[in-house]
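Chains as they are written, first to last, in my numbering: chain A, 611 to 1153; chain B, 2 to 195. We treat Cβ as the ideally placed atom computed from N, Cα and C, and that holds for glycine. Predicted model only: the values in this text are computed from it and were never measured. Everything on this sheet refers to the single structure shown next.
The structure is reproduced here in structure tokens:
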């Protein structure tokens, strides 16, 4: 007997998944980038089809998915059905890479389980070589993306306040007011004032008030891995808009390879498989790859041909290279007063004071003041090995006075960190699985050490008993897949041009964090959204 | 602390069974269910036509709750009955209801085998012992797992979630909006003395 409810698809194997005739645009991937591109182009009258590898989930299951995550009955990836032969991969770098905990295949993509933190990259992130002699500059700057950032904030419905003294220049308020600071933010503010660290609000892609037909956050406290109320933005919002504008979204349709014409310069079709075992060819005038920083390079490599023996769009050899992440650094402990944690599952205060550095090293740090430090009593109750009065005593002992400071830390792109194909293992369709080689690097290690110094100083200013520190030896990735089809002006060094079109294929664009040249230390989705809106304009102009 | 029917209805909100979280929550449910928000709500006075838990099942859940809830909690029978009828009967699917019934059957079978009486006839101390002897205290919850894991998932955690994901249970620990409960946006801002 199985009572599995998490990750249940609402569409069956007998759903019509035949190709769309006379398509103007074929989008591969129904995450935030693909959904925004499809929504925008469909609204402009383009005939759009979206091919999504994963299923369309039933939103009515979300309360039960939430409960199974608290249980915990399902692991983080299991909530959304990740894992198994479909999602097999190899991790062969210095550090194990937990890929399937870091992504979701399905309509809505990884935004189904994301944290919902949305930032504009700072100006320095586009100019790492010019300013510090590190990595490379982007071929576009903050000013080029600035109008698209504003548009992306409106599209995602960002709640925020213009109170970050370290942030890049803005032209208008956030669409929704910021979430007020938490009680524990006020505790941190005391220590930060003493240390002369400025704190400010954190922008969130979750509704602080009802908007866009969705409720305000109601405080379930389970943002990751699932928001039962729908207050947190996810890309199903733009999938719905795309479909209302006439786009067709085909789920459970993993693209197997891209086929080009005789010249090798133009894509003709995306060949996709359906649950009935049939392969279909989706032809279109233009193609937009929006399947994330792992599956996009994998698909290009899988599509090798006589004309492109090293994979499509790979004249530079950069497809799959420079796989970049953000690193987590953190410290936590207890203080001698109540801290009121675990009422909500998102952050309300942070500091970018250590982001724009003067010297090359240490690099950028985004400090985060957690609202969910320490144990969640209900999670403890469901996993503990005591009952009754003993259980309650355990919960009272464990809960109440925890605090934690987290950070995202910058990693530099490294040639050797890459996505390749592992020919020794195949997925459920017989394709080689992605192989991930990932390591941390000295720049990130030194930056993590600096983040730890700041975090420990803040906790010490509160006379905290520090119980844990996540430093360079036990850091982990933040689930941000950056750099594997990088943007540039030189076809011998990069995969896409500043208009996001591949140098090698005249009708193929990429909308993803895979085009980032560097990743800074800020969650990438707002930049992904801004680039997707920019890319949609370029595709529309080309058509 | 005496649990009330109101506490059970609040616990049902954590289980996604009622829209008690105000207009915002109803808006959310409307979108999530793709239509009429009212249709997603549960009328707790309305009996369900579909497969339901038996009175014995409900009584056994209450007995398990007495074993795993703290002794300062009273009003358990009404709380568990309201909760289980609101949630297990109406929100859960047949497979889940079947899982609960089968796990309770297993508990009752162990009681009869080890102590010669139905679970409900045992004194409360022995009822608690049976759960420990099954291994439900040390087992991980798993709907497709061993007998102990299924008892943990379908029975023990069912009643523990009802309590500790609700404001009443959260307040026992000092957390009036526990994880899993849609308690709004005020409590995280409040200090301990307000």
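Asked, Found
"CA-CA distance, residue 628 of chain A and residue 886 of chain A?", "11 Å"
"Does any CB atom of chain B fall closer than 8 Å to the CB of residue 790 of chain A?", "yes"
"Work out the CA separation of residue 990 of chain A and residue 171 of chain B for me, nearest whole Å.", "12 Å"
"Can you check whether the C-beta of residue 72 of chain B is within less than 8 Å of a C-beta belonging to chain D?", "Protein chains A and B are contained in the structure displayed, whereas chain D is not."
"Output needed in chain order: residues of the segment 159-170 of chain B with a Cβ under 7 Å from some Cβ in chain A.", "161, 162, 165 and 166"
"Report buried or exposed for residue 615 of chain A, applying the criterion of at least 16 other Cβ atoms within 10 angstroms of its Cβ.", "Confidence in residue 615 of chain A is poor, its pLDDT being 36 and thus under 50, which makes the residue's placement too unreliable to answer from."
"Per DSSP, residue 1078 of chain A forms a beta bridge with which residues?", "A/942"
"May I ask which residues mark the beginning and end of the beta strand (DSSP E) holding residue 961 of chain A?", "959-961"
"I believe residue 1122 of chain A touches residue 862 of chain A by the beta-carbon criterion, under 8 Å. Please report the beta-carbon distance rounded to the nearest angstrom.", "The Cβ separation is near 21 Å, so there is no contact."
"Could you list which residues in chain A have their beta carbon closer than 8 Å to that of residue 174 of chain B, in chain order?", "987, 1002, 1005, 1006, 1009 and 1010"
"Mind pulling the alpha helix (DSSP H) runs of 4 or more residues that sit fully within the segment 951-1012 of chain A?", "987-993 and 998-1008"
"Can you list, in chain order, the residues of its chain with a C-beta nearer than 6 Å to that of residue 1032 of chain A? Leave out the 5 residues immediately preceding and following it.", "700, 1042, 1043 and 1045"
"Indicate whether residue 833 of chain A and residue 933 of chain A have their beta-carbon atoms separated by less than 8 Å.", "no"
"Going by beta carbon distance, what residues of the same chain come within less than 7 Å of residue 782 of chain A, once the five residues before and after it are set aside?", "760"
"Use the C-beta contact count for residue 816 of chain A: other C-beta atoms within 10 angstroms, 16 or more gives buried, fewer gives exposed.", "buried"
"Output yes if chain A places a C-beta closer than 8 Å to the C-beta of residue 108 of chain B; else output no.", "no"
"For the structure I just gave you, are there three or more beta carbon pairs, one from the segment 975-983 of chain A and one from the segment 992-1011 of chain A, closer than 8 Å?", "no"
"What do you reckon, are the CB atoms on residue 121 of chain B and residue 68 of chain B nearer than 8 Å?", "no"
"Do residue 1018 of chain A and residue 936 of chain A have their CB atoms nearer than 8 Å?", "yes"
"Could you spell out the range, first to last residue, of the alpha helix (DSSP H) harbouring residue 109 of chain B?", "95-116"
"May I ask which residues mark the beginning and end of the beta strand (DSSP E) holding residue 1160 of chain A?", "The displayed coordinates of chain A run from 611 to 1153. Any statement about residue 1160 of chain A would go beyond what the structure contains."
"Can you give me the C-alpha to C-alpha distance between residue 669 of chain A and residue 785 of chain A, rounded to a whole angstrom?", "25 Å"
"Taking the Cβ atom as the reference point for each residue, do residue 944 of chain A and residue 1012 of chain A lie within a distance shorter than 8 Å?", "yes"
"Please report the straight-line C-alpha distance between residue 694 of chain A and residue 116 of chain B, rounded to a whole angstrom.", "44 Å"
"Over the uninterrupted beta strand (DSSP E) stretch that includes residue 1033 of chain A, give me the two end residues.", "1028-1036"
"In the DSSP assignment, what are the bridge partners of residue 1016 of chain A?", "A/940 and A/978"
"Using a beta-carbon distance cut-off of less than 8 Å, what residues from the segment 136-147 of chain B approach chain A?", "138, 139, 141, 142, 143, 144 and 145"
"Take residue 1080 of chain A and list the residues in its own chain whose beta-carbon comes closer than 7 Å to its own, dropping the five residues that flank it on each side.", "938, 939 and 940"
"State whether the segment 797-812 of chain A contacts the segment 757-773 of chain A, with contact taken as three or more CB pairs (one from each stretch) at a distance under 8 Å.", "yes"
"Can you say whether residue 870 of chain A is buried or exposed, counting buried as having 16 or more other CB atoms within 10 angstroms of its CB?", "buried"
"Counting along the chain, where does the alpha helix (DSSP H) carrying residue 889 of chain A start and finish?", "Looking at the DSSP string, residue 889 of chain A is not in any alpha helix (DSSP H); the run it does join, the beta strand (DSSP E), is 889-893."
"Quick check on the burial criterion: 16 or more other C-beta atoms within 10 angstroms. Buried or exposed for residue 706 of chain A?", "exposed"
"Assuming residue 709 of chain A and residue 904 of chain A form a contact by the criterion Cβ under 8 Å, report the distance between their Cβ atoms to the nearest whole angstrom.", "7 Å"
"Quick one: is residue 3 of chain B buried, meaning 16 or more other Cβ sit within 10 Å of its Cβ, or exposed?", "exposed"
"Would you mind reading off the limits of the alpha helix (DSSP H) that contains residue 172 of chain B?", "168-174"
"Which of helix, strand or coil does DSSP assign to residue 723 of chain A?", "coil"
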